[in-house]
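Chemist: From first to last, the protein sequence lines are chains Z and W. Everything in the first sequence is counted per this note's numbering, starting at 3 for the first residue and increasing by one. Everything in the second sequence is counted per this note's numbering, starting at 37 for the first residue and increasing by one.
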Amino acid sequence: EPEVTQTPSHQVTQMGQEVILRCVPISNHLYFYWYRQILGQKVEFLVSFYNNEISEKSEIFDDQFSVERPDGSNFTLKIRSTKLEDSAMYFCASSGRAEAFFGQGTRLTVV
Amino acid sequence: QKEVEQNSGPLSVPEGAIASLNCTYSDRGSQSFFWYRQYSGKSPELIMSIYSNGDKEDGRFTAQLNKASQYVSLLIRDSQPSDSATYLCAVNRGGSTLGRLYFGRGTQLTVWP
């Protein structure tokens, strides 16, 4: 069964450093998303991406964040100058027109 | 502000019972409704989607939607200990593409043997 895969599963980084989270969406999906979930809180939308451009972003997705589809399979989230409050689970998702499927997540810990 | 509200629980039911999970949403323009299951430390797993008023059944799961009341529910029949998880309600404006999902905080379900 096709699935969304994310790497790494866990990343520890020092405050102020840049991190890149990677995702391989389901191959025939055209819409890609990043969500995050701070421990004990709800899943929050960050950004959606279609046709090589951002289609929607939330108020969380400020200049610190960027997304890219560097090739035909990968979808990345870059977080510049990480802060302690960026510590969370980051989920990549992809969809056709109707339903979104989530990857297993990357746990980001900023120390 | 588009809100999705769920009873946080925890909801505890015995094995074999029916578990009932509820969700309300504030945006009347919402068209697509989803239930995800999330085990502790894991990612959301899609279990049901519903788009029209009424009931939709899939195995032991039944989703119910009432757009007039802005209410969506999930019934789990013959609950099993493996159903113990947090159930997330997610809502979307729909249209030609899926777009952004708005999640509730989730209801924690425990099924005891």
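In this text, a Cβ means the ideal position worked out from N, Cα and C, and glycines have one as well.
If you reduce the DSSP assignment to three classes, tell me which class P117/W lands in.
Modeler: The answer is helix: DSSP assigns P117/W an H, G or I state.
Chemist: Quick check on P46/W: buried or exposed, where buried means 16 or more other Cβ atoms within 10 Å of its Cβ?
Modeler: When all chains shown are included, P46/W counts as exposed.
Chemist: Starting from the C-beta of E39/W, find all residues in its chain whose C-beta is less than 6 Å away, skip the five residues before and the five after it, and write them out in chain order.
Modeler: Answer for E39/W: S62, listed in chain order.
Chemist: Return the CA-CA distance between Q19/Z and K80/Z, expressed in angstroms with no decimal places.
Modeler: Rounded to whole angstroms, Q19/Z to K80/Z spans 11 Å at the Cα level.
Chemist: With a threshold of 16 other CB atoms inside 10 Å of the CB of G140/W, please say whether the residue is buried or exposed.
Modeler: With 16 or more other Cβ atoms within 10 Å, it is buried.
Chemist: Using CA atoms only, rank isn't needed, just tell me which of Y107/W, A99/W and S105/W is closest to R113/W.
Modeler: Considering only alpha carbons, the answer is A99/W.
Chemist: Could you please give me the residues that DSSP links to F97/W through a beta bridge?
Modeler: Answer by DSSP bridge pairing, in chain order: D94/W and I112/W.
Chemist: What residues of chain Z sit near K78/W, judged by a beta carbon separation below 8 Å?
Modeler: Q106 and G107, listed in chain order.
Chemist: Considering only C-alpha positions, which residue in the set S48/W, S118/W and L137/W is nearest to L57/W?
Modeler: Nearest option by C-alpha distance: S48/W.
Chemist: Hey, out of G90/W, P50/W, Y138/W and K78/W, whose CA is closest to Q116/W's CA?
Modeler: Ranking G90/W, P50/W, Y138/W and K78/W by Cα distance to Q116/W puts P50/W first.
Chemist: Kindly indicate which residue of P80/W, Q67/W and A55/W has the alpha-carbon position closest to the one of A104/W.
Modeler: For A104/W, the nearest C-alpha among the options comes from Q67/W.
Chemist: Can you check whether the CB of L145/W is closer than 8 Å to the CB of A121/W?
Modeler: Taking 8 Å as the Cβ cut-off, A121/W and L145/W qualify as a contacting pair.
Chemist: By a C-beta neighbour count over all protein chains shown, 10 Å radius and 16 as the cutoff for buried, is A100/Z buried or exposed?
Modeler: By the neighbour-count rule (16 or more Cβ atoms within 10 Å), A100/Z is not buried but exposed.
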